[in-house]
Amino acid sequence: VKEFAQLDGVFVVDKSGEIRSAGRYLDVTGRGISLPGGLGGRHRATASITYEVPAIGVTVSESGGMVRVFRDGACKIGIRSDIRIRSDG
């Protein structure tokens, strides 16, 4: 996942998980969005699109690979790249 952070533009993924488009730029206003300091353009664009349309957005930070999940214009989940999830099953 960390390698995807270096790609420019967004991936559009449908409800079934199929990638419909990659490397796209979205025109969003950013109005109504409040993000913590240190988050840049990709986070603002992701928050904005999830604020304007019923969508879930995911960002991968270039510095450190932090994954953030946005919905309704806000970051709902942050996952550090140094954390490993495993199944005990």
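For the sequence shown, position 11 (counting from the first letter as 1) is numbered 359 according to the working numbering, and the numbering increases by one without interruption.
Glycine residues also receive a C-beta, built at the ideal position from the N, C-alpha and C atoms.
CA-CA distance, Ile-367 to Val-415, rounds to 18 Å. Taking all protein chains shown into account, Ser-369 has fewer than 16 neighbouring C-beta atoms within 10 Å of its C-beta and is therefore exposed. Looking only at Leu-383, Thr-394 and Ile-427, the smallest Cα-Cα distance to Arg-372 is reached by Thr-394. Taken through DSSP and simplified to helix, strand or coil, Ile-367 comes out as strand. Per the coordinates, the alpha-carbon of Gly-405 lies some 6 Å from the alpha-carbon of Thr-398.
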